[in-house]
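Under this note's numbering, the sequence shown has 477 at position 100, and the numbering climbs by one with no breaks. Encoded as structure tokens, the structure appears first; notes follow it.
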Amino acid sequence: MRKILPALVIACAALAGFGGGASRARQTDAQKQDAQKPAAARPVIDGAPTKPKIAELKPSELKVTELKEEGLKSLLSVGARRERPLLVNFWATWCVPCREEFPDLVKIREQYADERLDFVTVSLDDISDIGKSVPEFLREQRATRMPAYLLHVADEGTAINFVDATWQGELPATFLFDRDGQVVFKRKGRVRVAELRVAIEQSLSAKPETPAQQ
């Protein structure tokens with residue numbers, strides 16, 4: 378996510394109430410070297426038609442999947458009928474408010490059973506972090522019950538616009554898609570747990586308007 382990184386850092390810092398402290402430029406050389414991962418070892422989703430299946434993983438099994446443009450479209454399936462509402466959180470390890478809100482997200486995941494709500498996280502970290510800093514942070518947070526992805530696309534602006542036309546890439550950002558594939562809740566900045574719970578409950582109780590996909 379190199380092209381829009383400066384804007385994301387500024388937005389992230391502004392949301393946190395401080396200037397520039399989340400910049401990836403402050404990583405040490407040693408941290409960057411640790412984050413290197415051979416390309417052949419990266420799992421890739423690129424246009425896969427399957428929807429995410431929420432399953433609890435052992436910490437040792439947790440992995441972050443590279444998500445390309447077609448994979449993002451398949452994952453979100455905007456406007457398409459789905460079995461369960463989908464909650465998506467966009468974040469990055471270098472974003473302080475993202476890190477601060479993660480415990481709340483884990484609590485939300487624990488509150489709603491797998492058969493009721495799909496919940497995934499999408500990191501906007503650099504691809505070099507896919508095998509090191511991103512999964513390490515998720516393990517620290519015990520975020521083992523939600524599939525984890527890292528967005529890696531050629532045109533970040535187009536990908537962000539696909540998620541929501543009003544989103545400019547601010548982090549963190551949380552979106553709730555109902556069973557009709559429509560955004561019914563969005564929060565740019567640290568999520569308010571009570572507000573999110575209300576939106577989830579409303580989405581779970583609402584009847585879908587579109588027929589199920591064949």
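Think of the CB as a built atom: it goes at the ideal place given N, C-alpha and C, for glycine as much as any other residue. Keep in mind the model is a prediction, meaning the values are calculated, not measured.
Distance check for residue j and residue i, CA to CA, integer angstroms please.
i, j, result
"Thr-551", "Ala-531", "22 Å"
"Lys-563", "Asp-506", "26 Å"
"Pro-549", "Ala-469", "8 Å"
"Arg-574", "Thr-535", "29 Å"
"Phe-496", "Tyr-526", "11 Å"
"Gln-545", "Ile-504", "20 Å"
"Glu-572", "Gln-488", "15 Å"
"Pro-474", "Pro-524", "21 Å"
"Ile-569", "Glu-460", "Before going on, a small fix: residue 569 reads as Arg here, not Ile. The straight-line gap from Cα to Cα measures roughly 25 Å."
"Ser-582", "Cys-472", "33 Å"
"Ile-485", "Thr-543", "25 Å"
"Gly-448", "Glu-578", "28 Å"
Quick check on residue i: buried or exposed, where buried means 16 or more other Cβ atoms within 10 Å of its Cβ?
i, result
"Arg-493", "exposed"
"Ser-580", "buried"
"Lys-509", "buried"
"Gly-456", "exposed"
"Thr-516", "Strictly speaking, residue 516 in this sequence is Arg, with Thr absent from that position. That one is exposed."
"Glu-443", "buried"
"Glu-477", "exposed"
"Pro-480", "exposed"
"Val-465", "buried"
Taking residue i and residue j to be in contact with their CB atoms under 8 Å, please state how far apart those CB atoms are, rounded to whole angstroms.
i, j, result
"Phe-467", "Val-499", "5 Å"
"Glu-547", "Gly-566", "7 Å"
"Leu-463", "Thr-521", "Going by Cβ atoms, the distance from Leu-463 to Thr-521 rounds to 19 Å, so no, they are not a contact pair."
"Ala-576", "Val-561", "6 Å"
"Leu-452", "Val-540", "Their Cβ separation, rounded to whole angstroms, is 10 Å, which puts Leu-452 and Val-540 out of contact at 8 Å."
"Leu-501", "Leu-528", "6 Å"
Give me, in chain order, the residues of the same chain whose beta-carbon lies closer than 7 Å to that of residue i; leave out the 5 immediate sequence neighbours on both sides.
i, result
"Arg-519", "Val-483"
"Glu-446", "Val-530, Ala-536"
"Lys-450", "Phe-539"
Taking 9 Å as the threshold (beta carbon to beta carbon), is residue i in contact with chain B?
i, result
"Ala-536", "In the structure shown, chain B cannot be found, because there is only a single protein chain."
What residues in its chain sit with their C-beta under 6 Å from that of residue i, if we drop five residues either side in the sequence?
i, result
"Phe-514", "Thr-470"
"Val-441", "Ile-507, Val-511, Pro-512, Ala-525, Leu-527"
4 or more residues per run - each alpha helix (DSSP H) lying fully within the stretch 540–584: You should have 570–582.
Length-filtered (4 minimum) alpha helix (DSSP H) runs lying within the stretch 433–519: Counting whole runs of 4 or more residues, the stretch 433–519 contains the alpha helix (DSSP H) stretches 446–453, 473–488, 510–517.
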